[in-house]
Amino acid sequence: MSNTISRIICEALNIRLYTVDALDAVKEITKIHETTPNATVALGRSIIATALLSATLKPESDQTISLKFNGSGPLKEIYIQSDARGNTRGYVANPQVDITDPIDTISFSKSIGAGFLTVIKDLQLKEPYSSVLPLQYGEVAKDITYYLTSSEQIPSALIIGLKINEDIGI
Numbered sequence: 001m002s003n004t005i006s007r008i009i010c011e012a013l014n015i016r017l018y019t020v021d022a023l024d025a026v027k028e029i030t031k032i033h034e035t036t037p038n039a040t041v042a043l044g045r046s047i048i049a050t051a052l053l054s055a056t057l058k059p060e061s062d063q064t065i066s067l068k069f070n071g072s073g074p075l076k077e078i079y080i081q082s083d084a085r086g087n088t089r090g091y092v093a094n095p096q097v098d099i100t101d102p103i104d105t106i107s108f109s110k111s112i113g114a115g116f117l118t119v120i121k122d123l124q125l126k127e128p129y130s131s132v133l134p135l136q137y138g139e140v141a142k143d144i145t146y147y148l149t150s151s152e153q154i155p156s157a158l159i160i161g162l163k164i165n166e167d168i169g170i
């Protein structure tokens with residue numbers, strides 16, 4: 001499965017900017033797993049975040065990055081892996097979770113619960129780099145930003161846009 005990845009580097013300001021369009025990947029993976037709206041939003045945002053982090057890998061290499069959210073909530077676990085070419089795969093442990101909140105108030109925090117974020121970067125060195133952090137915010141973008149800031153010491157901002165409609169269309 002392919003995503004569109006853009007990399008922009010401004011050396012004068014010491015800024016790197018990455019963008020990803022992973023909508024096709026989100027649609028295909030959530031369709032395969034027949035996810036309910038809550039699981040679709042949680043899995044979809046995790047897919048986008050992982051694809052975005054894959055933009056930081058060496059282009060056209062065999063490097064990979066994996067994200068795993070484990071929690072006490074009804075989703076239990078979300079696992080996503082993406083490579084430097086933008087190929088992405090993943091699953092949610094409980095794709096049929098059905099929290100009865102209105103569709104416009106779906107909450108990753110309620111769906112995943114208290115737990116941990118594990119990030120594994122395989123840079124094709126001796127051993128993959130692994131980081132495990134407690135979930136701080138219960139939001140994919142904020143928890144990935146926390147990981148980048150605390151584990152990789154990269155001041156970061158992350159925005160993930162994914163919204164579903166009443167017909168469970170993305």
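Numbering (the working numbering), first residue to last: 1 to 170. Glycine included, C-beta positions come from ideal geometry on N, C-alpha and C. Small disclaimer: the values here were computed from a predicted structure and weren't measured.
Simplified DSSP assignment, three categories, for residue i
{"i": "Val140", "result": "helix"}
{"i": "Lys68", "result": "strand"}
{"i": "Ile47", "result": "helix"}
{"i": "Glu152", "result": "coil"}
{"i": "Lys58", "result": "coil"}
{"i": "Lys27", "result": "helix"}
{"i": "Glu11", "result": "helix"}
{"i": "Ile168", "result": "Bear in mind that the predicted position of Ile168 carries a pLDDT of just 47, short of 50, making it unreliable; the figure below should be weighed with that in mind. Coil."}
{"i": "Tyr18", "result": "strand"}
{"i": "Leu162", "result": "coil"}
N- and C-terminal bounds of the beta strand (DSSP E) containing residue i
{"i": "Thr35", "result": "Looking at the DSSP string, Thr35 is not in any beta strand (DSSP E), and its letter there is neither H nor E."}
{"i": "Asp98", "result": "Looking at the DSSP string, Asp98 is not in any beta strand (DSSP E), and its letter there is neither H nor E."}
{"i": "Asn78", "result": "The residue you asked about is not Asn; residue 78 is Ile in the sequence shown. Per DSSP, Ile78 belongs to the beta strand (DSSP E) from 77-83."}
Outcome for residue i when other beta-carbon atoms lying within 10 angstroms are tallied against a minimum of 16
{"i": "Asp143", "result": "buried"}
{"i": "Gln182", "result": "Only positions 1 to 170 of the chain appear in the structure, and residue 182 is not among them; the question remains open."}
{"i": "Lys121", "result": "buried"}
{"i": "Ala39", "result": "buried"}
{"i": "Gly71", "result": "buried"}
{"i": "Ile164", "result": "buried"}
Own chain, CB closer than 8 Å to residue i, minus 5 neighbours either side, in chain order
{"i": "Ile154", "result": "Leu148"}
{"i": "Phe108", "result": "Val41, Ala42, Arg45, Gly138, Glu139, Val140"}
Cα-Cα separation, residue i to residue j
{"i": "Ile9", "j": "Thr50", "result": "20 Å"}
{"i": "Arg7", "j": "Ile15", "result": "11 Å"}
{"i": "Lys27", "j": "Glu152", "result": "30 Å"}
{"i": "Arg85", "j": "Leu135", "result": "28 Å"}
{"i": "Thr19", "j": "Glu77", "result": "26 Å"}
{"i": "Leu179", "j": "Ser150", "result": "Residue 179 is absent from the model: the chain starts at 1 and stops at 170."}
{"i": "Gly161", "j": "Asp21", "result": "10 Å"}
Same chain, Cβ closer than 6 Å to residue i, neighbours up to 5 away in sequence not counted
{"i": "Val132", "result": "Phe116, Thr118"}
{"i": "Ile80", "result": "Ser46, Ile47, Thr50, Leu67, Gly90"}
Limits of the unbroken alpha helix (DSSP H) element including residue i
{"i": "Ser111", "result": "108-112"}
Residues near residue i in its chain [Cβ-Cβ closer than 7 Å; skip 5 each side]
{"i": "Leu75", "result": "Ala39, Ala42, Val92, Ala93, Asn94, Val97, Ser111, Ile112"}
Beta carbon proximity, residue i to chain C, threshold 7 Å
{"i": "Glu28", "result": "The structure shown contains no chain C; it holds only a single protein chain."}
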